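Chemist: This is the structure I have questions about; it appears just below.
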Amino acid sequence: VSDDTKYMIRALKAFQIPVQEDREAFIVFGKGGELAMPSDPIFVGNAGTAMRFLTTFSSLVPGKIHLDGDERMRERPLADLLDCLKQMGVKANSVKNTGCPPIDIEGGKVTGGDIKLAGNNSSQYLTSILLSAPYFEQDTCVHIQGDLTSKSYADITLDIMKTFGVHVGNESYQRFTVKAGDRYKAQTYRVESDWSSATYFLAAAAVTGGEMTLTDIQPNSVQGDAKFASVLEQMGCRVEIKSNSMHIKGNPLRGITINMNNMPDAVQTLAVTALFAKGETVIEGIGNLRIKETDRISALANELTRLGAEVEAGEDYLIIKPGTYHGAEIETYNDHRMAMSFAVAGLKIPGVGIKNPQCVEKSFPDFFQRFANL
């Protein structure tokens with residue numbers, strides 16, 4: 014079980030929501046919005062998803078709840094989400110006035126209604142509001158200011174909420190509506206295979222010219238990273254898709270120009286793949302990578318350069334030009350995706366070492382065991 018999942022389960026139990034771990038499942042006993050006050054502060058490490066979802070969730074509980082995380086989490090912004098909660102009558106404050114954790118949430122009754130949310134930093138702020146919105150006092154309408162980043166993650170949210178019985182109106186990703194009083198209905202839900210994790214194995218085939226078959230996956234998933242194979246196709250790979258599997262064959266790669274706003278978690282995989290393409294690769298629309306587990310744009314520029322690539326890093330883009338490569342010790346910045354993506358580079362460049370490899374426990378604890386079987 015990944016560290017992020019452990020943090021979320023621990024938090025749910027703090028709200029007196031029973032969670033049982035079966036051999037291949039988690040059984041969650043819902044409370045229908047009747048949540049207990051946690052006896053202690055909630056700590057989530059660097060689990061950004063848990064922090065954002067729990068921020069609005071905490072507003073449903075009468076009393077003050079304290080949410081905190083590790084050193085990096087204290088640098089990750091929540092101001093847009095806190096502002097939304099304030100619009101609905103919740104006392105939501107950054108304790109150190111940084112707009113980042115630690116935060117105090119004091120709610121109980123959340124009005125709902127019409128609220129404005131900046132869309133450029135994270136789609137998870139929207140998801141946080143939508144997941145709890147059925148328990149607000151009024152119908153909720155979220156008006157997105159500007160363009161919503163990472164729309165594919167909003168699609169996942171709406172799809173799961175629909176499966177559990179709550180409909181969300183979506184007007185061109187600019188207006189989202191949820192009716193007060195709608196209620197989730199218990200389900201047996203099979204979580205899809207994770208396409209973000211699959212990208213490393215697809216890239217392994219791409220850079221080595223090998224072949225790979227992924228099974229028990231949904232090629233037509235609403236997950237944004239399900240489209241990563243099509244990116245590799247643009248670079249020259251051959252991809253064959255079946256109902257629940259995908260076969261990829263690596264071919265000589267060519268550089269591309271692509272907007273990755275809807276696939277932010279696959280950017281590091283693509284950047285490493287680009288090392289082995291003919292010509293430069295331009296990756297655009299990735300400004301929100303600067304507020305992830307680390308500043309991923311800067312981290313990629315540093316480590317790709319360390320291997321011998323020529324890299325130009327802008328506020329929301331990367332340009333990667335192939336070079337003459339050599340082995341190096343890769344700094345992971347305690348970012349699981351840095352470790353996993355640069356493992357792909359090690360398949361082609363002798364002498365690549367990954368510092369702090371245990372950081373993959375955040376999302377994929379047995380990654381290196383599985384990768385070693387390739």
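Quick note: the sequence shown uses the numbering used here, first residue 14, plus one each step.
Cβ coordinates follow ideal geometry from the N, Cα and C atoms, glycine included.
Model, not experiment: these values are computed from the prediction.
#1: Using the rule of at least 16 other Cβ atoms within 10 Å of the residue's Cβ for burial, across every protein chain shown, is Tyr138 buried or exposed?
#2: In whole angstroms, give me the CA-to-CA distance for Ala358 and Gly366.
#3: Going by the DSSP bridge assignment, what does Phe64 pair with across the sheet?
#4: So Gly168 and Val179 are in contact, right, with Cβ under 8 angstroms, and what is the actual spacing, rounded?
#5: Relative to the alpha-carbon of Leu91, which residue among Pro114, Gly102 and His79 has its alpha-carbon at the smallest distance?
#6: So is Gln247 buried or exposed if we call it buried at 16+ other beta carbons inside 10 Å?
#7: What span of residues does the alpha helix (DSSP H) with Phe149 cover, start to end?
#8: Between which residues of its own chain and Gly121 is the CB-CB distance below 6 angstroms, once the five residues before and five after are set aside?
#9: Is Met21 closer than 8 angstroms to Ala60 when the C-beta atoms are compared?
#10: Closer than 8 angstroms is the cut-off here; do at least three beta carbon pairs connect the region 294–311 with the region 338–353?
#11: Specify, as a first and last residue, the run of the beta strand (DSSP E) that Met41 falls within.
#12: Rounded to the nearest angstrom, how far is the Cβ of Gly2 from that of Gly82, given a contact under 8 angstroms?
#13: Provide the residue span of the beta strand (DSSP E) that contains Val252, from first to last.
#14: Would you mind reading off the limits of the alpha helix (DSSP H) that contains Phe212?
#15: Could you tell me which of Leu67, Pro31, Phe289 and Ile55 sits nearest to Ala218, measuring between CA atoms?
#16: Quick check: is any heavy atom of the ligand GDP less than 7 angstroms from the C-beta of Thr286?
#17: What is the DSSP secondary structure of Tyr330, reduced to helix, strand or coil?
#18: Measure the Cβ-Cβ separation of Ala321 and Gly292 and say whether it is below 8 angstroms.
#19: If we ignore side chains and look at the alpha-carbon of each, how far apart do Leu161 and Ala211 end up?
#20: Does DSSP classify His349 as helix, strand or coil?
#21: Straight-line CA distance for Val244 to Val235?
#22: Suppose the cutoff is 7 angstroms on Cβ atoms and the five residues either side in sequence are ignored; what does the same chain contact list for Phe214 look like?
#23: What does DSSP give as the partner residue(s) for Ile157 in the beta ladder?
#24: Rounded to whole angstroms, how far is the Cβ of Met174 from the Cβ of Leu143, which I believe are closer than 8 angstroms?
#25: Grab the span of the beta strand (DSSP E) containing Phe402 for me, first residue to last.
#26: To the nearest angstrom, report how far apart Pro370 and Glu342 are at their CA atoms.
#27: Considering Lys164, what are the terminal residues of the alpha helix (DSSP H) in which it resides?
#28: How far does the beta strand (DSSP E) with Val32 in it extend, from its first residue to its last?
#29: CB Ile55 to CB His79, shorter than 8 angstroms?
#30: Quick check: what's the CA-CA separation for Ser376 versus Lys104?
Modeler: Reading off the structure:
#1: buried
#2: 10 angstroms
#3: Per the sequence shown, the amino acid found at residue 64 is Met instead of Phe. Beta-bridge pairing links Met64 to no other residue.
#4: In the sequence on display, residue 168 carries Asp and not Gly. About 15 angstroms; that fails the 8 angstroms criterion.
#5: Pro114
#6: exposed
#7: Looking at the DSSP string, Phe149 is not in any alpha helix (DSSP H), and its letter there is neither H nor E.
#8: Pro75
#9: yes
#10: yes
#11: Per the sequence shown, residue 41 should be read as Val rather than Met. Phe39 to Val41 is the extent of the beta strand (DSSP E) around Val41.
#12: The chain is shown only over 14 to 387; residue 2 falls outside these bounds and no answer can be derived.
#13: Where Val252 is concerned, the enclosing beta strand (DSSP E) starts and stops at Arg251 to Ile254.
#14: Checking the sequence shown, residue 212 turns out to be Thr, not Phe. Element bounds for Thr212: Trp208 to Thr221.
#15: Phe289
#16: Ligands in the displayed structure: none, and consequently the ligand GDP is not present.
#17: strand
#18: Per the sequence shown, the amino acid found at residue 321 is Gly instead of Ala. The answer is no: Cβ separation not under 8 angstroms.
#19: 25 angstroms
#20: helix
#21: 16 angstroms
#22: Excluding residues within five positions, the ones whose Cβ falls inside 7 angstroms are Met225 and Leu227.
#23: Partner(s): Leu130.
#24: 7 angstroms
#25: Any property of residue 402 remains undetermined from this structure, which presents the chain solely from 14 to 387.
#26: For Pro370 and Glu342, the gap between their C-alpha atoms comes out near 11 angstroms.
#27: Lys164 to Thr176
#28: Val32 to Glu34
#29: yes
#30: 32 angstroms
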